[in-house]
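Comments concern the structure below.
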Amino acid sequence: MNLAVELGSGRKRGLLLQNPVMTASGTFSYGLEYAKALDIQRLGAIVCKTTTLKPRAGNPQPRTAETPAGMLNSIGLQNIGIDALVRDLAPTWARWRVPVIVSILGATPQEYGEVGSRLEGVAGVSGIELNISSPNAQRGGMQFGQEPEAAADVTGAVRRASTLPLVVKLTPNVTDIVAVARAVAEAGADAVCLINTIQAMAIDVRGRRPALASVFGGLSGPAIKPVALRMVYQVAGAVDLPVIGCGGIMSGLDAVEYLMAGASAVQVGTATFTNPSAPLEVLEGLEGFMREEGIEEVRELVGAARVRR
Ligand SMILES: Cc1cc2nc3c(=O)[nH]c(=O)nc-3n(C[C@H](O)[C@H](O)[C@H](O)COP(=O)(O)O)c2cc1C
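Using the numbering used here, the first residue of the sequence shown is number 42, and each one after it goes up by one.
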């Protein structure tokens, strides 16, 4: 069976994954703890926690809450900062077989470019994922992903600052995700990833206050899968770039749904919190489905359920 997928074919180095199953940013930390317990080298790629120019402490507690078939978070981009990542983590990643993609965020397009430029030529870094979709950043993040022109500005700034394969991660908190996807494709993205969390809230009725200290947070988990699938289907039909599907993937069959909707790869997020082996089990489930169906090439699944009109 051939599970390999190419995500950055236009780039000098490209981004060839041994299979389409990746981890989602913010749900697998920087990969190091998991590497001790799991055979993470079998994964397609690891996307690390979104990292900013300076370290960030994140939002006050409580910053997570359980919801039916999902969870809310407002972590607020707690991270170690780009210089510590390059100095302390990249040398370990350079010894790994699994490629690591670094998720980045800035307060302005220039700052995104600055963070991206610090990854140039760093051994152990195989690509950049641009976070223009986090609902939990006071400045940056979703603010840029909600408007096609702003999304293109940020994408262009990082494109000029880096030769690395560039994935742009989109927010579902928009009226027209296709317009944003088209704008970032035009501005030099090599792939798009969708979706980040859906802006949401919950109430602590005994405390008579919002469940999250920051009032609003992002909804993730199985609850968002049908929304994410619809958006992946729309975007895959509109842009000529690989699409990475994300949202509520718990099993190999969930991943197959995304591939059939038009995604070339998938990311596993919230599932990892209840089952740290979830990304590997998604991969095994996908392989099992291909065996059962007699499918040799994973690419045969991509877009297989698309309806021609
Ligand atoms: C606790 C938590 C932290 C997250 N942190 C980030 C982050 O730093 N950057 C980012 O792009 N997405 C972040 N996300 C969003 C996930 O990467 C993913 O897009 C989303 O949760 C949907 O996928 P899922 O339903 O499989 O979790 C976070 C999600 C959760 C639950």
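Even glycine gets a Cβ: it sits at the ideal position worked out from N, Cα and C.
Distance CB(residue i)-CB(residue j) smaller than 7 Å
| i | j | result |
| --- | --- | --- |
| L94 | V156 | yes |
| Y153 | G162 | no |
| G99 | I123 | no |
| S305 | N237 | no |
| V215 | V233 | no |
| A202 | S158 | yes |
| Q384 | R83 | Past the edges of the chain, shown from 42 to 350, lies residue 384, and the structure says nothing about it. |
| A252 | V221 | no |
| L270 | L300 | no |
| P263 | G289 | yes |
| I169 | L205 | yes |
| G344 | G293 | no |
| M63 | V46 | no |
| G310 | A110 | no |
| M272 | P213 | yes |
| G303 | Y274 | yes |
| G259 | P150 | no |
| I265 | I285 | no |
| T108 | S144 | no |
Residue i versus residue j - alpha carbon distance
| i | j | result |
| --- | --- | --- |
| E334 | V297 | 12 Å |
| L282 | G248 | 47 Å |
| T133 | A76 | 11 Å |
| V280 | R340 | 17 Å |
| G181 | G49 | 25 Å |
| L160 | A198 | 14 Å |
| M291 | F69 | 15 Å |
| L130 | G67 | 16 Å |
| D217 | L211 | 11 Å |
| E190 | M183 | 13 Å |
| T315 | M112 | 11 Å |
| E227 | V246 | 47 Å |
| G55 | A86 | 13 Å |
| I121 | I336 | 42 Å |
| A78 | V268 | 33 Å |
| L44 | G329 | 12 Å |
| I81 | R104 | 28 Å |
| V276 | R223 | 8 Å |
| M331 | R347 | 18 Å |
| L207 | L73 | 23 Å |
is_contact[residue i, chain C] using C-beta, thresh 7 Å
| i | result |
| --- | --- |
| P263 | Absent from the structure: chain C. Only one protein chain is present. |
Residue closest to residue i, alpha-carbon to alpha-carbon, out of the options
| i | options | result |
| --- | --- | --- |
| M42 | S50, G49, P132 and P61 | P61 |
| Q308 | I218, V256, V246 and I142 | I142 |
| R200 | V225, M183, G310 and A254 | V225 |
| G165 | A135, F185 and P150 | A135 |
| V219 | L160, Q187 and P150 | Q187 |
| R350 | C287, K266, I285 and G278 | G278 |
| M242 | L171, D231, R138 and A106 | A106 |
| Q102 | T108, I145 and V256 | V256 |
| P140 | D194, L171, Y71 and N172 | Y71 |
| C287 | L235, E322, I81 and N114 | L235 |
| V323 | L171, L207 and D295 | D295 |
| A312 | L207, I81, V348 and S261 | S261 |
Notebook entry, point to check: Unbroken alpha helix (DSSP H) runs of length 4 or more, entirely within the stretch 191-273: which are they?
Noted result: 218-227
Margin query: List, from N- to C-terminal side, the beta strand (DSSP E) runs of 3 residues or more that fit wholly inside the stretch 46-97.
Written below: Listed in chain order, they are 62-64.
Notebook entry, point to check: Along the chain, which unbroken stretches of the alpha helix (DSSP H) at least 4 residues long are found entirely within the stretch 147-182?
Noted result: 150-158
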